[in-house]
Amino acid sequence: MITDVAITAATTSDAHALPGPQPVHHLPRRRPERGLLPRELRELQLRVRAEQKSPGWQIRYAVRSGVEGAINEFAHGHGMRRCRYRGQPKAHLRHVFTAIAVNIERLSGLPPSSEATSSRLPTAFQDFLDRMRSLD
């Protein structure tokens with residue numbers, strides 16, 4: 002927890018430029034306060050923010066984001082925060098069945114493939130056969 006924070010007060014003309022809700026007029030006006038971090042923490046914050054713009058960090062975060070999205074869907078979309086069964090074996094069985102159902106639901110949303118996909122590039126002979134078929 003950060004405890005060393007310097008508090009500064011803005012003037013009332015600066016209050017309208019601050020983000021957030023505008024003050025209610027019937028309440029007494031307070032001067033808005035902003036906290037300034039100590040120099041070491043501010044430099045750390047700037048260094049971390051610069052690192053977050055690097056491609057390597059964004060690739061790692063994309064993986065994390067995908068995993069967190071799946072967990073969020075599992076927890077909120079399928080009611081996995083609460084378990085209706087007592088005991089770890091029954092709860093585990095429910096988690097497994099729910100995971101199978103989520104996977105089936107995801108697979109059913111994919112478009113059907115008309116041909117089997119090949120992971121290898123076509124050979125020169127296959128290219129020749131394809132050209133011959135297109136001439137017919």
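Under the working numbering, the first residue of the sequence shown carries the number 2, and numbering increases by one thereafter.
We put the beta carbon where it would ideally sit given N, CA and C, even for glycine.
Rounded to whole angstroms, how far is the Cβ of Q46 from the Cβ of L38, which I believe are closer than 8 Å? Start at 1 with the first residue of the sequence shown, and residue 46 comes out as number 45. Start at 1 with the first residue of the sequence shown, and residue 38 comes out as number 37. Right, the Cβ-Cβ distance comes to about 7 Å (below 8 Å), so this counts as a contact.
Straight-line gap, R134 to G110 (C-alpha atoms, nearest Å): Residue mapping note: residue 134 aligns to position 133 of the sequence shown, counting from 1. Residue mapping note: residue 110 aligns to position 109 of the sequence shown, counting from 1. Going from the Cα of R134 to the Cα of G110 covers about 33 Å.
Does the structure place the stretch 93-109 close enough to the stretch 76-84 that three or more beta carbon pairs sit under 8 Å? yes
Here's a check: name, in chain order, each residue in its chain whose Cβ is nearer than 8 Å to the Cβ of N104, leaving out the five neighbours to either side. As a position in the sequence shown, residue 104 is number 103, starting the count at 1. Result list for N104: empty, nothing under 8 Å.
Any alpha helix (DSSP H) of 4 or more consecutive residues that is wholly inside the stretch 26-90: 40-52, 56-73
Going by C-alpha distance, which of A71, R121, L94 is nearest R107? Here residue 107 corresponds to residue number 106 of the sequence shown, with the count starting at 1. Cα-wise, what sits closest to R107 is A71.
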